[in-house]
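Contents: one structure, followed by commentary.
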Amino acid sequence: MENGERKIAKSLPAAVAIVLISILHSPFSILHSSATAEEPTTTLPASRNLIPNGDFEAGKTTPDGWQTVDGLSSFWVKDADPQRGRVLRFDTDVLQTQAYEWWKKIGEGALPKDAPIKLPTVEPKYDTLAGLDGVWFWSDPIPVEKGKAYWLTLDGKGPGQIEVWLHGYPEKPNAAFGLEAKALQGYLKKEAGQAPNVRGRKQEISAYVWKGRLSLPLSNEWKTYSRREKPFRPTALTPSVKWIRVQLFPYWPPGIYDIDNVKLVEVDSALDQAQAEKEQAAKDEKAAKIKAIRDAERAKDPND
Ligand SMILES: [Ca+2]
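So in the working numbering the end of the sequence shown lands on 319, straight run, no missing numbers.
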């Protein structure tokens, strides 16, 4: 998938060159070559993934560019389909108490391969990660540009909904494991006897100033989901945003959720402009309809 897109991106300049050469030489070639060059012109701006290792192929014990998997509630596995390669797997059917104990150790440098065996869970499972905090999985910080709009797409399968959040920050955020998980931080503080910085590690929760969400109703088959109709615009109302992090967040029902090919691509500015105008037109139309209804009501009752 990724490789294919890279190939298209690389081949475009060549295709454009062919068209230009064709224009200079033969009308027949113009028709022939422009047919191949046309398709990438609309897909090219959307094809460069800004999320490093969004396909989860690179890494040694855990995917590069993301927080570590924990080997208990998050895993880095090979999909049954070799073409898909490696994917992220989440298990939300894990007791929260067991997860917290293990996450403390992961935060201290324990490896996912040394994770404890999962303890049995019991219906109705409200004490699992599914019923409480969910499983969070964060990307490393990714720079974004002022005024730009972005499409988010990803492949997923699972027994229920997964939420994907984008968080925007003015400063490059600290990506230490679990730092953004407030409940976990509260637990760690208590465990450390109100002295969370015993190891001299300065941990400050990075303040995000913008948030965007994509809720995906997954099914038991791989599908690609996107929010193309409504691109994310991290700097539209919060111009100070310079960095974002992606947070994958599966929770209820308890079970296994697989994610692959998380992509954030810049929306072509002309397309974004057209989309913004479409959104504005829809708002205007709605406002006009409401006004028309009110006017009609007033006309019926002149004393109103
Ligand atoms: Ca993959």
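We treat Cβ as the ideally placed atom computed from N, Cα and C, and that holds for glycine.
Within 7 Å, strictly: CB atoms of residue i and residue j
i: Ile-121; j: Asp-70; result: no
i: Val-159; j: Pro-97; result: no
i: Gly-171; j: Leu-87; result: no
i: Leu-144; j: Gln-111; result: yes
i: Leu-263; j: Ile-274; result: yes
i: Leu-181; j: Phe-247; result: yes
i: Trp-166; j: Arg-101; result: no
i: Lys-245; j: Asn-64; result: no
i: Pro-268; j: Gly-173; result: no
i: Pro-78; j: Val-150; result: no
Where the beta strand (DSSP E) through residue i begins and ends
i: Tyr-184; result: 176–184
i: Thr-239; result: 238–241
i: Ile-259; result: 258–265
i: Gly-227; result: 225–232
i: Leu-103; result: 101–106
i: Ser-89; result: 89–93
Inter-residue spacing [alpha-carbon to alpha-carbon] between residue i and residue j
i: Ser-234; j: Ile-177; result: 10 Å
i: Lys-93; j: Leu-286; result: 36 Å
i: Ser-67; j: Leu-194; result: A small fix is needed here, since residue 67 is Pro in this sequence, not Ser. One C-alpha to the other measures close to 21 Å.
i: Asp-129; j: Pro-135; result: 18 Å
i: Glu-382; j: Gly-227; result: An answer regarding residue 382 cannot be provided, because it is not within the stretch 16 to 319 covered by the chain.
i: Lys-75; j: Gly-124; result: 15 Å
i: Val-179; j: Glu-138; result: 27 Å
i: Ser-241; j: Leu-147; result: 26 Å
i: Asp-108; j: Lys-163; result: 38 Å
i: Pro-131; j: Phe-90; result: 13 Å
i: Lys-119; j: Gly-80; result: 21 Å
i: Tyr-223; j: Lys-204; result: 22 Å
i: Lys-306; j: Val-280; result: 38 Å
i: Thr-168; j: Lys-301; result: 29 Å
i: Lys-304; j: Asn-276; result: 41 Å
i: Ala-296; j: Ala-289; result: 10 Å
i: Glu-54; j: Arg-313; result: Confidence at Glu-54 is low in this model, with a pLDDT of 31, below 50, so the placement of that residue is unreliable and no value is reported for it.
i: Ile-308; j: Asp-316; result: 13 Å
Own chain partners of residue i with C-beta closer than 8 Å, once the 5 adjacent residues on each side are dropped
i: Pro-156; result: Tyr-184, Lys-187, Pro-188, Ala-190, Trp-258, Ile-259, Arg-260
i: Asp-310; result: none
i: Leu-46; result: With a pLDDT of only 28 at Leu-46, under 50, the local geometry of the prediction cannot be trusted, and the value read off the model is given with reservation. None.
Residue i Cβ short of 6 Å to ligand 1 heavy atom set
i: Val-102; result: yes
i: Phe-105; result: no
i: Arg-99; result: yes
i: Phe-71; result: yes
i: Asp-287; result: no
i: Asp-273; result: no
Chain-order list of residues whose beta-carbon lies under 6 Å from that of residue i (same chain, five-residue window excluded)
i: Leu-126; result: none
i: Trp-153; result: Gln-82, Arg-260, Gln-262
i: Trp-225; result: Gly-183, Pro-249, Thr-253, Val-256
i: Trp-237; result: Asp-170, Lys-172
i: Ser-41; result: Only weak support exists for where Ser-41 lies, its pLDDT of 31 falling under 50; the value from the coordinates is given anyway. Excluding sequence neighbours, Ser-41 sits near nothing in its chain.
i: Leu-229; result: Leu-167, Val-179, Arg-242
Host alpha helix (DSSP H) of residue i (start-end)
i: Ser-284; result: 284–315
i: Leu-199; result: 197–206
i: Gly-274; result: Looking at the sequence provided, one finds Ile at residue 274 rather than Gly. Counting along the chain, Ile-274 falls outside any alpha helix (DSSP H), though it belongs to the beta strand (DSSP E) covering 271–281.
i: Tyr-165; result: Run containing Tyr-165: none in the alpha helix (DSSP H); it sits in the beta strand (DSSP E), 165–172.
i: Trp-117; result: 111–122
Same chain only: Cβ atoms within 7 Å of residue i, ignoring 5 sequence neighbours per side
i: Phe-192; result: Gln-82, Thr-83, Ile-121, Gly-122
i: Tyr-115; result: Leu-199, Tyr-202
i: Lys-161; result: Thr-250, Pro-254
i: Lys-298; result: none
Chain E contact for residue i (CB, 7 Å cutoff)
i: Leu-87; result: Here there is only one protein chain, and chain E is not present.
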